[in-house]
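One structure is given below, encoded as C-alpha cells.
Protein chains: 2
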Amino acid sequence: MAVRDLEHPLSSPSPLPARIAIVGSGFGGLAAVKALKHCAAEITLIDRTNHNLFQPLLYQVATAALSPSDIATATRALLRRQRNVTVIMGDVTGIDTAGRSILIDGHRPIAFDYLILATGAAYSFFGHDEWASHALVLKTLDDALLIRETLLTAFERAEVAEDPAEVARLLTFLVVGGGPTGVELAGTISELARATLAQDFRRIDPAAARIILFEAGDRLLTSFPLASSDYALQALASLGVTVRLGAPVDRIDETGLHAGGEHVAAAAILWCAGTKARPAAHWLGAAAAGNGSVIVGAQCDVPGHRDIFAIGDVASMTGSDGKPLPGLAPVAKQQGHHVGRLIAARIAGKADPAPFAYRNLGAMAIIGRSRAIADFGWSRLKGWPAWFAWSMVHLMLLVDFRSRLTVYVNWAWAWFTFGRGARLLTRRMHDGGD
Amino acid sequence: MAVRDLEHPLSSPSPLPARIAIVGSGFGGLAAVKALKHCAAEITLIDRTNHNLFQPLLYQVATAALSPSDIATATRALLRRQRNVTVIMGDVTGIDTAGRSILIDGHRPIAFDYLILATGAAYSFFGHDEWASHALVLKTLDDALLIRETLLTAFERAEVAEDPAEVARLLTFLVVGGGPTGVELAGTISELARATLAQDFRRIDPAAARIILFEAGDRLLTSFPLASSDYALQALASLGVTVRLGAPVDRIDETGLHAGGEHVAAAAILWCAGTKARPAAHWLGAAAAGNGSVIVGAQCDVPGHRDIFAIGDVASMTGSDGKPLPGLAPVAKQQGHHVGRLIAARIAGKADPAPFAYRNLGAMAIIGRSRAIADFGWSRLKGWPAWFAWSMVHLMLLVDFRSRLTVYVNWAWAWFTFGRGARLLTRRMHDGGD
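Going down the list, the protein sequences come from chains R and W.
At position 374 of the first sequence (counting the first as 1) the number is 408 in my numbering, and the numbers step up by one without a gap.
At position 87 of the second sequence (counting the first as 1) the number is 121 in my numbering, and the numbers step up by one without a gap.
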C-alpha cells in the first residue's frame, strides 16, 4: 500500500551509475542539486530541517515584519519535479570516507560516489560557550522566532512592571557585533520600538527603549569601504541606536553584558559577532581554517578526496584578490553550481571544467527603512537608492513566486503604515513567566 | 524616562467615574471594547495571549495553508487609537467579587466597577483527561503549529522508515468528532496528502494516507439540516476520508485509538469532539451549565452580580427558539456589542437597552476545496456556491486589511497550484526524533 519500494534507494546498492549525496539544503546545496538536474544519477539531499531558508531576510522574521513562511519553502516542494532527487530530513553525525557513506542519526548509512558538503555556519562565542545561555543568535527560523518572542515579551512585561529599574532593563536591547546582521538587527529593533510600537502602550513609552550595539573593532561593516561604515554609523545614530566602537565584550552572564568597564542589564543580548563552520572538516579529518571550515582546492574539492567537495560557509577558499571568499549567498550558489557541473561532467566522462572563479556581484547591507549601503565595485550607493536596490534584489532572489508576492504585500504595508504583521507570541516563555 | 506614569491606571484608585475590566480578547471581548469606544471610562483588556485570533481559519494554519500572522493580529495594534483601553497580557487566576477586583498571576489585582468575562472555551475529554497526552486539539496558534509539526513530521519519518507497519502507522491520521472543526480538518488533511504532497516523496505514496473520522452520533454536522449532513458525508468520501458514524471512542492511549472494537495506530489523533467553558463560573461561584459555562440573564448578566457579565462561549443563554445559543463567533460578537452598549448607557445614566436578542446570520462549514455547506435560514447552499460564500464571508471578517490581502494571495496560490506555503518544521520534535 503506502510503501512504493522499500528497497530503493536507501537500502541497497544502486542500479544507477552514480550516487551523489549532498548535505545541506541552503543556497549552496540547492544550487548543486539544480545543476545536476539532467544528470543520470541518484541524488540524495539531506538536511536537518525540511526547508530552504532565505537567510538574508531572517532578521525581518526576528523583528516581526515577516512570517517564517515568507522566507522559507519546503525543500521537497522546490524539488518536486526533479525526479532524480530524494530529500531526507535527518541529522548527519559523520562521514565514513573509507566506506563512502554518510552516517545519519537513527537511519541507515547512505552510500555515495560523490559527496557535496554544504552544511553552512553556526555562531561562535570565541571559546566562551557559557555565554550562549544568556545570548540569542540568528541562524535558523527557530532562532528568529525566539528573538521575536523575547523582544515582544519584554515590552509586554515592561507595561505591567512596577519597579522603574526593571522597566528600564526590559526596554534595553543589546547587539554584539557590527557586521551586516548586527547593524540590521539594531536598526530594525529601534524602528520596532520607535515607530511600530510607539502608540501601542499606555504606561511605558516604547520609544524610550535603549538599543546599544557593541563592536570590538574601530568601525562597523569592515568588509565595506570606510565611507559606507561612516554612513552606517550616522544612519544608526539617526535611528536612535547607540554604537560603542572599540568595545570588545568581556563577559555575558545572567546579570547582563560587561564590555570596557561598562555593565548593562538587558531584556535581550543578540550575539552577531562571529561564526564557525559546522563540523564537516572534523567529519573528514581534513585541514581546517581558523573558523573550522574545510580548506578546499581549486575545484572546491577536499584535498585527498577527489570526489568529496565542500562549498559555501563550510568551505575556505582564497579569491583572485588573495583574500578569503566572504560568507555570502552568491559564493555558496556559484560554488554549488560549479561542483554540480563538475560532477555531471565526470559522470558523462568529460573533462573537469576550469577551476572555480568567484564572480563578485557586490555586497549590500540594510540599516533601516530607506537606509542602506551597496557596493557593486563599479558603483557605490547609500541611502534611498541603496535601499531601493536592496529591496529589488532581495525580492528577486526569493526562491518562489508566492513568497515574493506576500513579502511584497507585507513590505508595502509596513512601509506605508510602520505596522508589522507578525507581532505574535505563540508560545509561553520557557521560564514560565507571563 | 521610560515610565510615563507608574501610578496610572493599575496601581491606584481611578480618578475616572468607571473602571471596566474585560477578560479575553476574542471576538466577544473585542466587540465589547469597540462598543465602549466613546465611553468616558478606563478600560482594561486582559488576555493570556498578545493577539486576537481568527479561530474559524485556525484549521488552515494546522494544515500548513496559512501562517499564524495571516489570522492573528496583535491586540495592541488593533486598539492603538482607542486611548481609553489598556491592554495587559496575563493569566487571570480568579475574581474577588466582594472586593471587585481581578486576580492575575504575578501582578497586582485590577479593580473594576464593571466586568465582562469573555474567556471562551477549551477542549473537553469528557472526564478522560488521560487521553489528552495522546491527542491533539485545535484552539490556539500553538495548538495549530503543533498539529502542523506532527502532520509534516509524520510524512518525513514515513519516507525513511524501514518497517511497513510503521510506515502505515505514520500515514494514518484520526479525527474524533464530526462537527465543523472535525470535518474541516479531516477534509483538509486528505487534500494535503492527496494533492499538495502527492509528488513530493520518492519512497512513500502520500496519497495512500488513511484519514478516518470517528463520530459518536449517527450523522455529521448535527447543527445543520439532514441534507447538509448527507452532503458532507459524500464530500468527505470523495476526498478519500473514511467516516465511521455511531463510533464513540472507548479509549485513547499510547498505542492509538479504540472505538467500537476497532483499534487503530496513528501518527496523530485530533480531538474535535467536545468543549468546555473556561473556569469563569467557578471564579464567580455562579451557576454553570453542563459544559461549565455561566448561565446568564437576559442582559448577559451573571445572576446576583448586576455589573458582571459573561459573553460568548463562556456564557450559556437560551435563544428565542428555546435552544441554547450556539458557540459561534457571531453570538460572541453580538453579545459583546450588547454588553458594551449597556455599560455605556449605565455610565451615562441612561436606561438599560432591551434584553439581548441573537440575530441569526446563518452557519457555514467547509469540507475542502470547492466543497462546503451554508445554511442562512432563508437559503441553503452546498458545493461551489457555498464554498464561494464561505470564502467571501471569511475574507471580509478578517480583522485587518493586511491579513485580508495576504490570505487572498495564499488562497489564490493554493487554489491554482494545490501548493501550501507554510509547510515548515521550525522546531525539533519534543521527543527528540529527527
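Glycine residues also receive a C-beta, built at the ideal position from the N, C-alpha and C atoms.
Within the continuous alpha helix (DSSP H) that includes residue i, where are the two ends?
i                 : result
Lys367 of chain R : Ala363 to Ile381
Arg182 of chain W : Leu175 to Val194
Phe61 of chain W  : Phe61 to Ala69
Asp104 of chain R : Pro102 to Ile105
Arg53 of chain W  : Unbroken run through Arg53 of chain W is the beta strand (DSSP E), Arg53 to Val57; no alpha helix (DSSP H).
His316 of chain W : Ala314 to Leu318
Leu231 of chain W : Here Leu231 of chain W belongs to no alpha helix (DSSP H), and DSSP marks it neither H nor E.
Anything in chain W within Cβ reach of residue i, meaning under 9 Å, just list it in chain order.
i                 : result
Asn84 of chain R  : Leu186, Thr187, Glu190, Arg457, Leu458 and Leu459
His297 of chain R : Here the premise fails: no neighbours, minimum Cβ distance about 18 Å.
Ala75 of chain R  : Near Ala75 of chain R there are no residues of chain W at all, since even the closest Cβ is about 14 Å away, more than 9 Å.
Val373 of chain R : Result: empty, since nearest Cβ-Cβ is about 23 Å, beyond 9 Å.
Leu145 of chain R : A small correction: the amino acid at residue 145 of chain R is Ala; Leu does not occupy that position in the sequence shown. Those within 9 Å of Ala145 of chain R in chain W number zero; the least Cβ separation is about 15 Å.
Around the Cβ of residue i, are there at least 16 other Cβ atoms within 10 angstroms (buried) or fewer (exposed)?
i                 : result
Asp386 of chain W : exposed
Gly353 of chain R : exposed
Met351 of chain R : buried
Trp418 of chain W : exposed
Leu459 of chain R : buried
Arg115 of chain W : exposed
Glu193 of chain W : buried
Arg405 of chain R : buried
His85 of chain R  : buried
His464 of chain R : Reliability fails at His464 of chain R, whose pLDDT of 34 lies under 50, so the model's placement of it is uncertain and no value is given.
Pro470 of chain W : The question about residue 470 of chain W has no answer, for chain W in this structure spans 35 to 468.
Pro360 of chain W : exposed
Arg117 of chain W : exposed
Gly213 of chain W : buried
Should residue i be flagged as near chain R, meaning a C-beta pair shorter than 8 Å?
i                 : result
Gln333 of chain W : no
Thr352 of chain W : no
Arg38 of chain W  : Low confidence applies to Arg38 of chain W: its pLDDT is 47, below 50, so where it sits in the model is not reliable enough to give any reading.
Pro259 of chain W : no
Beta carbon of residue i, beta carbon of residue j: below 8 Å?
i                 : j                 : result
Phe248 of chain W : Leu304 of chain W : no
Ile246 of chain W : Thr289 of chain W : no
Arg182 of chain W : Ala96 of chain W  : yes
Gly140 of chain R : Gly58 of chain R  : no
Leu79 of chain W  : Val119 of chain W : yes
Thr206 of chain R : Ala299 of chain R : yes
Leu226 of chain R : Leu185 of chain R : yes
Ala366 of chain R : Gly60 of chain R  : yes
Ser257 of chain R : Ala397 of chain R : yes
Ile136 of chain W : Gly63 of chain W  : no
Pro389 of chain R : Ala332 of chain R : yes
Leu175 of chain R : Ala106 of chain R : yes
Val348 of chain R : Ile342 of chain R : no
Gly402 of chain W : Leu254 of chain W : no
Ala75 of chain W  : Gly374 of chain W : no
Gly221 of chain W : Asp252 of chain W : no
Residue i lies in the beta strand (DSSP E); which residues open and close that run?
i                 : result
Tyr148 of chain R : Tyr148 to Leu151
Arg203 of chain R : Run containing Arg203 of chain R: none in the beta strand (DSSP E); it sits in the alpha helix (DSSP H), Pro198 to Leu204.
Phe248 of chain W : Arg244 to Phe248
Gly128 of chain R : Val126 to Asp130
Asp409 of chain R : Arg405 to Asp409
Leu137 of chain R : Ser135 to Ile138
His428 of chain W : Note, His428 of chain W: premise wrong, no beta strand (DSSP E); alpha helix (DSSP H) at Trp418 to Leu431.
Anything in chain R within Cβ reach of residue i, meaning under 7 Å, just list it in chain order.
i                 : result
Gln233 of chain W : Arg114
Thr120 of chain W : Arg236
Ala106 of chain W : Leu458
Residue i CB to nearest chain W CB: under 8 Å?
i                 : result
His72 of chain R  : no
Ala250 of chain R : no
Leu175 of chain R : yes
Asp465 of chain R : Annotation note: pLDDT 32 at Asp465 of chain R (below 50); position unreliable, coordinate value reported separately. No, because no Cβ of chain W sits closer than 8 Å to the Cβ of Asp465 of chain R.
Leu439 of chain R : yes
Ala483 of chain R : Residue 483 of chain R is absent from the structure shown; chain R starts at 35 and stops at 468.
Going along chain R in order, which residues have a C-beta closer than 8 Å to the C-beta of residue i?
i                 : result
His428 of chain W : Here the premise fails: no neighbours, minimum Cβ distance about 18 Å.
What in chain W is Cβ-close to residue i, meaning under 7 Å?
i                 : result
Ser103 of chain R : Ser101, Gly455, Ala456 and Leu458
Just to make sure I have the definition right: I need the residues of chain R whose C-beta is within less than 9 Å of the C-beta of residue i. Which are they?
i                 : result
Val194 of chain W : Leu44, Ile122, Met123, Gly124, Ile138, Gly140, His141 and Arg142
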